[in-house]
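According to UniProt numbering, the sequence shown holds residues 1 to 337 in order.
Where is the CB? At the ideal position from N, CA and C, for every residue including glycine.
If you're wondering where the values come from, they're calculated on a predicted model, not measured in any experiment.
So the structure is just underneath, and the comments pick up after that.
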Amino acid sequence: MNLTKFRIWITDPIPRVLQVVSATASTPPLNREEISRGRRTADSRNMLVDHTPTEPTAPDDKVAANATASPRSCSRISNGSHRTSTPASEPARRIPRPERSTMRPRLVLFGDSITEQSFESGGWGAALTDRFARQADVVLRGLSGYNTRWALKVLPRAMEGAADPAAVTVFFGANDASLPDQVQAHQNVPLDEYQSNLRAICGYFKERWPSTAIILITPPPIYEPARIRDIYGVDDPSRQAERTNEAAGSYAQACMAVAKELGHPVIDIWTKMQEFPDWQTSALSDGLHFTPTGNKILFDEVVKMLASIGFSKESLPSDLPLYHDIDPKDPMQAFGA
1 MNLTKFRIWI TDPIPRVLQV VSATASTPPL NREEISRGRR TADSRNMLVD
51 HTPTEPTAPD DKVAANATAS PRSCSRISNG SHRTSTPASE PARRIPRPER
101 STMRPRLVLF GDSITEQSFE SGGWGAALTD RFARQADVVL RGLSGYNTRW
151 ALKVLPRAME GAADPAAVTV FFGANDASLP DQVQAHQNVP LDEYQSNLRA
201 ICGYFKERWP STAIILITPP PIYEPARIRD IYGVDDPSRQ AERTNEAAGS
251 YAQACMAVAK ELGHPVIDIW TKMQEFPDWQ TSALSDGLHF TPTGNKILFD
301 EVVKMLASIG FSKESLPSDL PLYHDIDPKD PMQAFGA
């Protein structure tokens, strides 16, 4: 029997999935219809079959990239040729093309080690992923040890593959606030430069993704005795910590000033965390990084902030038919078959 081979060529512009604007006093929250707008279904417009009796070749425009939480690499879908066959007497079937872009809106978390560690067990990033399962993709861009100077330097590379997110959190300052005369002096960024770097980071996002909501997060509070223990391995009150709560508070105020200036929402975690009893040990594991309790405090604040701009579990639709919506007598009806 003669076989006819055909190849599938995949070309598809990236659709807009979600329109979210920065939250200001004059910005109304998004409604369900606005959030759902732009979602597509696979139909005849998303299919293209080139029927030919010759051997298939790889398409010219192959897209390939890698994505990790690291700024050195990013992730996209890799599209190559697909080979199959069908009897010559049988017409070629129309096969839906896979989408290049995600079905779900994206939430990008951009920050230092507190963001990088947020996907660990009990982390605030992992909790966001769980909360928005089937509704949104949470993209990690955490860079341990980074300050705003270094983050600004790698920003374009760090955001490769992030693809027009609905919202992005910018959480830097803990390293910038390192004291300039202590062991972590190389991480210190002067206060005025810190503010300038935050403006530049926000400006980059605003220019690249005008409709993306930008949420700033202040540096957290510092418990100095725990920092001395972590750095020097001993409890020695005669030593000075490489960070102080006073310095962190100054950078938190500077972060809030930039947010107000640019009209972006801000989470003051420096103040909020200190409202909790025994925050020094209950919320911080080493005087800087978060315990599960500290992660829960920030998670709750992020969820509230997202809800205020229309990005909530209640307003976001599920990506595909839910199991309980599938008719057992006619399952394929739920998929438009």
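- Shown here, alanine 247 sits in a helix according to DSSP, grouped into three states.
- Counting only runs of 4+ residues, the alpha helix (DSSP H) found wholly inside the stretch 244-286 occupies 245-262, 269-273 and 279-282, in chain order.
- In the DSSP annotation of this structure, isoleucine 309 is not part of any alpha helix (DSSP H), being labelled neither H nor E.
- Taking all protein chains in view, the Cβ of threonine 218 is crowded by 16 or more other Cβ atoms within 10 Å, so the residue is classified as buried.
- Between leucine 143 and alanine 151, the CB-CB gap stays under 8 Å.
- Assigned with DSSP and collapsed to three states, phenylalanine 335 falls in helix.
- DSSP, reduced to helix, strand and coil, places aspartate 327 outside both helices and strands of the structure shown, so it counts as coil.
- Phenylalanine 299 sits in a helix when the DSSP states are folded into three classes.
- The beta carbon of arginine 239 is closer than 7 Å to those of Ile228 and Tyr232 in its chain, skipping five residues each way along the sequence.
- Looking only at Val154, Gln280, Arg131 and Ser118, the smallest Cα-Cα distance to isoleucine 222 is reached by Gln280.
- With fewer than 16 other Cβ atoms from the protein chains shown falling within 10 Å of its own Cβ, alanine 257 counts as exposed.
- Closest in alpha carbon position to threonine 244, among Lys260, Val154 and Trp270, is Trp270.
- With a cutoff of 8 Å on beta-carbon distance, phenylalanine 299 and alanine 166 are scored as not near each other.
- Going by beta carbons, cysteine 255 and leucine 288 fall outside the 8 Å limit.
- Scanning Gln182, Phe171, Ile214 and Arg208 for the CA closest to the CA of glutamine 117 turns up Phe171.
- Partner residues in the beta bridge of threonine 169, as assigned by DSSP, are Leu109 and Ile215.
- Per DSSP, aspartate 192 is not a residue of any beta strand (DSSP E); the alpha helix (DSSP H) it occupies stretches across 191-208.
- Your pair tyrosine 146 and glycine 173 does not check out as a contact, with CB atoms roughly 11 Å apart and the cut at 8 Å.
- Residue pairing from DSSP places phenylalanine 290 in a beta bridge opposite Leu284.
- For the set Ser113, Val303 and Ala162, the Cα lying nearest the Cα of glutamine 187 is the one of Ser113.
- Contact annotation: proline 220 and alanine 259 have beta-carbon atoms that are not nearer than 8 Å.
- The beta carbon of serine 282 lies closer than 7 Å to those of Phe276, Thr291 and Thr293 in the same chain, with the five residues before and after it left out.
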